[in-house]
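Residue numbers (the UniProt record's numbering): 1 to 258. Just below is one structure, and these are the notes that go with it.
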């Protein structure tokens, strides 16, 4: 059975947000109920990624997908959760994996990893395994992250989630060449988004390849993206700071970003 949302999902996960909106506009309108729900949620979250303060439909009369997007927006902006949103009811209403992943994302942003992992344990989709992998890395449990990666590769070893998850584990384990290979493969297939460029920047940090780091910083800025490690790179290129401290900073920014 064809996955009508594969391209849309991939572009969103990789941070190609405008391309994701363009892909959304090209999708057929006779999608199945689960596909239609996921499509609407991705569109909302993509809009928020481009503009975190974007106006969403009022939660009292909005769709279920809008309520999940509103939750994530409140967490990102550090606002109080809308009183009209019942978290327990939303969890009970999460019949699809993408809704559960959205709720788990909300809890992870709120630093409630226990609730996030509990919800993800009931999921089986590739995005759910990728988020689980990331959360375990934030707990400094690469062994459990590897188990999540194996679940992804057993389903589709060539998927975006497989390559991205592999690169994150490689970075964590200080194996930059493997990370660069996976990230370069994704860049060749989908283009170099600021998200991919920041991960590549961390990879070349570890390799101590300063000229390549400088090139990536400039590329991120040309693309209008936010360079997570810009100040550290510029300080290093200017002769300031110890390289070990910069590498540790790159690791932390990499883990926090994803």
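For every residue, glycine included, the Cβ atom is placed at its ideal position computed from N, Cα and C.
| task | Please classify residue 77: does DSSP put it in a helix, a strand, or coil? | result | Along the chain shown, read from residue 1 onward, the residue named residue 77 stands at position 77. Coil, per DSSP.
| query | Of the choices 106, 55, 96, whose alpha-carbon is the least far from that of residue 76? | reply | Indexing the chain shown from 1 puts residue 76 at position 76. Ranking 106, 55, 96 by Cα distance to residue 76 puts 106 first.
| query | What do you reckon, are the CB atoms on residue 48 and residue 85 nearer than 8 Å? | reply | Working through the chain shown from its first residue, we reach residue 48 at position 48. Working through the chain shown from its first residue, we reach residue 85 at position 85. For the 8 Å CB-CB criterion, residue 48 and residue 85 do not form a contact.
| message | Considering just the uninterrupted stretch of the alpha helix (DSSP H) at residue 109, what are its terminal residues? | response | Along the chain shown, read from residue 1 onward, the residue named residue 109 stands at position 109. Taken as a continuous stretch (DSSP letters only), the alpha helix (DSSP H) holding residue 109 covers 97 to 109.
| Close beta carbons around residue 207, own chain, < 7 Å, minus the five adjacent residues each side | The residue given as residue 207 occupies position 207 in the chain shown. Only 176 meet the Cβ criterion.
| message | What would DSSP say about residue 141, mapped onto helix, strand or coil? | response | Here the question's residue 141 lines up with position 141 in the chain shown. Residue state, collapsed to three classes: coil.
| said: Below 8 Å on the Cβ atoms is my contact criterion, and I expect residue 14 with residue 190 to pass it. Report the Cβ-Cβ distance as a whole number of Å. | reply: Here residue 14 refers to the residue found at position 14 when the chain shown is read from its first residue. Here residue 190 refers to the residue found at position 190 when the chain shown is read from its first residue. Distance from residue 14 to residue 190 at the Cβ level is roughly 6 Å; contact confirmed, criterion being Cβ atoms closer than 8 Å.
| said: With three or more beta-carbon pairs closer than 8 Å as the criterion, would you say the stretch 152 to 160 touches the stretch 125 to 138? | reply: The stretch 125 to 138 and the stretch 152 to 160 touch, with three or more beta-carbon pairs separated by less than 8 Å.
| Cβ-Cβ distance between residue 216 and residue 186 below 8 Å | As a working note, residue 216 is residue 216 in the chain shown. As a working note, residue 186 is residue 186 in the chain shown. Cβ atoms of residue 216 and residue 186: not closer than 8 Å.
| message | Less than 8 Å between the C-beta atoms of residue 44 and residue 56, yes or no? | response | As a first step, residue 44 is located in the chain shown; it is residue number 44 there, counting from the start. As a first step, residue 56 is located in the chain shown; it is residue number 56 there, counting from the start. Less than 8 Å divides the Cβ of residue 44 from the Cβ of residue 56.
| message | So, under 8 Å CB-CB, residue 90 and residue 39 are touching, yes? Tell me the CB distance rounded to an integer number of Å. | response | Sequence index remark: in the chain shown, residue 90 carries index 90 (1-based). Sequence index remark: in the chain shown, residue 39 carries index 39 (1-based). Actually they are not in contact, since the Cβ atoms of residue 90 and residue 39 sit about 19 Å apart, beyond 8 Å.
| field | Simplified DSSP assignment, three categories, for residue 114 | value | Along the chain shown, read from residue 1 onward, the residue named residue 114 stands at position 114. Reduced to three states, the DSSP call for residue 114 is helix.
| request: Report the three-state DSSP secondary structure of residue 193 (helix, strand or coil). | output: Taking the chain shown and counting its residues from 1, one reaches residue 193 at position 193. Assigned with DSSP and collapsed to three states, residue 193 falls in coil, not helix or strand.
| query | So which of 144, 69, 214, 21 has the shortest CA-CA distance to residue 104? | reply | On the chain shown, residue 104 is found 104 positions in, with the first residue counted as 1. For residue 104, the closest of 144, 69, 214, 21 by C-alpha to C-alpha distance is 69.
| Buried or exposed (CB count within 10 angstroms, at least 16 for buried), residue 2 | Locating residue 2 in the chain shown gives position 2, counting from the first residue. Result: exposed.
| task | Report all residues from its chain with a CB closer than 6 Å to the CB of residue 161; omit the five preceding and five following residues, and keep chain order. | result | Walking along the chain shown from the start, residue 161 turns up at place 161. Spatial neighbours of residue 161 in its own chain (CB-CB distance under 6 Å, excluding positions within 5 residues in sequence) are listed in chain order as 126, 130, 152.
| query | Among residues of its own chain, excluding the 5 on either side of residue 156, which ones have a beta-carbon nearer than 8 Å to its beta-carbon? | reply | Here residue 156 corresponds to residue number 156 of the chain shown, with the count starting at 1. For residue 156, where only same-chain residues beyond five positions count, the Cβ hits under 8 Å are 126, 162.
| Looking at the structure shown, is residue 119 part of a helix, part of a strand, or coil, going by DSSP? | Translated into positions along the chain shown, residue 119 becomes position 119. DSSP, reduced to helix, strand and coil, places residue 119 within a helical segment of the structure shown.
| Rounded straight-line distance, which links the Cα of residue 219 to that of residue 16 | In the chain shown, counting from the first residue as 1, residue 16 sits at position 16. In the chain shown, counting from the first residue as 1, residue 219 sits at position 219. Taking the straight line joining both Cα atoms gives about 15 Å.
| Does DSSP classify residue 198 as helix, strand or coil? | In the chain shown, residue 198 corresponds to position 198, counting from 1. Of the three classes helix, strand and coil, the one that applies to residue 198 here is helix, per DSSP.
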